[in-house]
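Have a look at the structure below, then the notes.
In our numbering, the protein residues as written are 204 to 390.
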């Protein structure tokens, strides 16, 4: 079955000159103006556009504005989270936001699936899950390597200072605290 492609919306309003569209957008921002009044203004300007067309344009413009506002809010939230918690990386935070968006898209399937096929949404979710699994493996691998490095460092240092038991005990204590901190921060 052929996949339906969404076509670009072409209306009388999108064909208006840029200056008129800017004035129209300003009129739409003022909520005291009705769509009928705006349609009458357009008619006075020489453009025959119905109040329904004005309403549909306003809905599309509001949806686009809302998406931009939501994206900006999410971006600010990511930046604030990373600023407050430096151990959190941008890629993980961004992936979480992307996963949230995909899950919202899946949960509001009716209209959204017209824009994104279900199999594509599923592939994206699976890809994000694989990325998260890979990240966990890398973290575990780094933890093992850190543990081995600390053990080797401790063995070498203990061999070098074995003549001084007090110094060896103090060094062992310092290395244990450092190991705990590094391995705890790596989780």
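Even for Gly, the Cβ is constructed at its ideal location relative to N, Cα and C.
Notebook entry, point to check: Which word fits residue 221, buried or exposed, when buried means at least 16 other C-beta atoms lie within 10 angstroms of its C-beta?
Noted result: Exposed: under 16 other Cβ atoms inside 10 Å.
Item checked: Straight-line Cα distance separating residue 294 from residue 214 -> About 39 Å.
Item checked: Straight-line Cα distance separating residue 239 from residue 251 -> Computed Cα separation, rounded: 12 Å.
Next item on the list: Could you check what DSSP says for residue 364 in three-state terms: helix, strand or coil?
Entry: coil
Margin query: Check for me: the alpha helix (DSSP H) holding residue 281 runs from which residue to which?
Written below: Taken as a continuous stretch (DSSP letters only), the alpha helix (DSSP H) holding residue 281 covers 254–287.
Check: Thinking C-beta only, is residue 305 closer than 8 Å to residue 281?
Finding: It is not a contact, given that the beta carbons lie outside the stated cut-off.
Check: How should residue 337 be labelled, buried or exposed, when 16 other C-beta atoms within 10 angstroms of its C-beta is the threshold for buried?
Finding: exposed
Note to self: Need the endpoints of the alpha helix (DSSP H) that residue 224 sits in, please.
What the structure shows: 221–232 is the extent of the alpha helix (DSSP H) around residue 224.
Checklist line | Assigned secondary structure, residue 218 (DSSP; H/G/I helix, E/B strand, else coil) | finding: Residue 218 sits in coil when the DSSP states are folded into three classes, being neither helix nor strand.
Next item on the list: Tell me whether residue 325 sits in a helix, a strand or coil according to DSSP, three-state version.
Entry: Three-state DSSP puts residue 325 in a helix.
Notebook entry, point to check: Beta-carbon separation of residue 385 and residue 349 under 8 Å?
Noted result: yes
Note to self: Checking 8 Å against the spacing of the C-beta atoms, do residue 230 and residue 219 come in under that value?
What the structure shows: No, the pair does not count as a contact, with Cβ atoms beyond the cut-off.
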